[in-house]
Amino acid sequence: MTSVSSPPEVLSGLPDFARTDASGPRRRTHRGSFLCHAVIATELRAGRTRIARLRADTPLSPRPTIASGVEPYVRGGDAARIRMSTSAAGPVGGDTYLLDIHVREGSTLVIRDVGATLVLPGPHGERSRWITRLRVDEGATCVWIPEPVIAAAGCRHHHVIDADLAEGARLFYREELVLGRHREEPGSLSAHLSVRRGGAASVVQQLDLGPAAIGASATSVFGAHRALGNVIVADPDGAPGPAAAAPDTGSAVMRQDPSCVQITAVGEDLPALRTRLDTAMGLLGEPWAAPDPPGWSAIPR
């Protein structure tokens, strides 16, 4: 596990379809891997949030949905809601998925998943990529609660979350990263998380885990843990919760700047990780804290 002050190469190594000006249908490489792009955009129209744009290449399948379960910081129920799913297994080694999300001025978007993302090795030993570029405009709110990313044995995966917030934007983001399925050797996972507010970095985190990450299994780094998670809350009214806290030896609450707080936790497995994240979130207070019992998962648990 390493922390860096600047993001790794993300866009320069992508195929042409993944660049900002790309268009056209889903493509495959000469070896049959998926190259696909999805776009989600919201806007405030007549005082209500509407989905302004929604398109996706197979196998990405974002779908509009209705309110379900507990949602942090959604004022008066006015929000557009999207459930993410895939119509095929993966990403598989060699696949590149690109997701662009734009929450326009004054609107609110809640994003959840239908199920976990299981990253699988491909037939040629190539690396898979899932890159999400999130933009939240002035006065807009994005609540994003994905299900776990599970790195199956033998995979090599690069997972990127790049969030660009306006000064008056709000963000709630929770991620859970798991090495291997039950009783399975871990795959290799490289995860980059970047959050900027008004162009200035609030959070920049690089995690390299699994067999391909030298030293990641050391006791001082990841040890016997198999799951790692983050919660990011960025609020222009001020970062909630304490400036710093350690609810237990496996979690920490860290105020990154006056408007952003980060919770990071590790666990021996996914249930242990979720318990630690929920406990730490309890320190944030309303409207961000997890309820009792916790209900942030898109799937009942």
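If you read the sequence shown in my numbering, its first letter stands for residue 4, the second for the next number, and so on. Cβ atoms here follow ideal geometry from the backbone N, Cα and C, with glycine treated the same way.
Check	Outcome
Reference Ile104; option with closest CA among Gly244, Thr144, Glu187 and Gly80	Thr144
Limits of the unbroken beta strand (DSSP E) element including Leu101	Thr99 to Val106
Where the beta strand (DSSP E) containing Leu276 begins and where it ends	Note, Leu276: premise wrong, no beta strand (DSSP E); alpha helix (DSSP H) at Leu273 to Met284.
For Gly80, the three-state DSSP class (helix, strand or coil)	helix
Nearest candidate by alpha-carbon position, reference Arg184, set Asp260, Ser205, Thr222 and Leu123	Leu123
Supposed contact pair Arg66 and Ile85 - C-beta distance, whole angstroms, cut 8 Å	7 Å
Distance between Gly244 and Arg304 (C-alpha atoms, nearest Å)	With a pLDDT of 41 at Arg304, under the threshold of 50, the modelled position of that residue is not reliable, and the figure given next carries that caveat. If I take the Cα positions, the gap works out to 26 Å.
Three-pair Cβ contact test at 8 Å for the stretch 256-266 versus the stretch 211-230	no
Neighbourhood of Ser213 by C-beta, 7 Å cutoff - its chain only, sequence neighbours within 5 removed	First, the amino acid is wrong: residue 213 is Gly here, not Ser. Cβ within range, chain order: Ala154, Leu182, Pro189, Gly190, Ser191, Leu192 and Ala219.
Residue(s) in a DSSP beta bridge with Pro67	Ile85
Validate contact between the stretch 262-270 and the stretch 201-212 using beta carbons, cut 8 Å, 3 pairs	yes
DSSP state of His160 mapped onto helix, strand, coil	strand
Exposure label - His162; buried when at least 16 CB within 10 Å	buried
Separation of Thr89 from Pro28, as counted between CA atoms	Only weak support exists for where Pro28 lies, its pLDDT of 48 falling under 50; the value from the coordinates is given anyway. For Pro28 and Thr89, the distance between alpha carbons rounds to 16 Å.
Cβ-based neighbour list, Asp140, same chain, cut-off 7 Å, excluding 5 preceding and 5 following	Val106, Arg107, Glu108, Ala169 and Ala172
Pairwise C-alpha distance: Val224 and Glu289	32 Å
Cβ shell of Ala292 (< 6 Å), same chain only, five flanking positions each side left out	Met284 and Gly285
According to DSSP, residues forming a beta bridge with Ile54	Thr45
Cutoff 6 Å; reference Ile114; Cβ partners in own chain excluding five residues on either side	Ile85 and Trp147
Where Ala92 falls, given that 16 or more other Cβ within 10 Å makes a residue buried	exposed
Whole-angstrom distance between Ala247 and Asn233, CA atom to CA atom	15 Å
Beta carbon of Leu174 nearer than 7 Å to that of Ala119	no
Same chain, Cβ closer than 7 Å to Pro261, neighbours up to 5 away in sequence not counted	Gly241 and Ala242
Residues of its chain near Leu287, where Cβ-Cβ distance is below 6 Å and the 5 sequence neighbours each way are ignored	Pro243 and Gly244
Assumed close pair Asp81, Thr111 - CB separation to whole angstroms, cut-off 8 Å	6 Å
Short Cβ contact (7 Å threshold) for Leu102 with Ala194	no
Closest Cα partner of His127 within the set Ala59, Gly96, Ile134 and Glu150	Gly96
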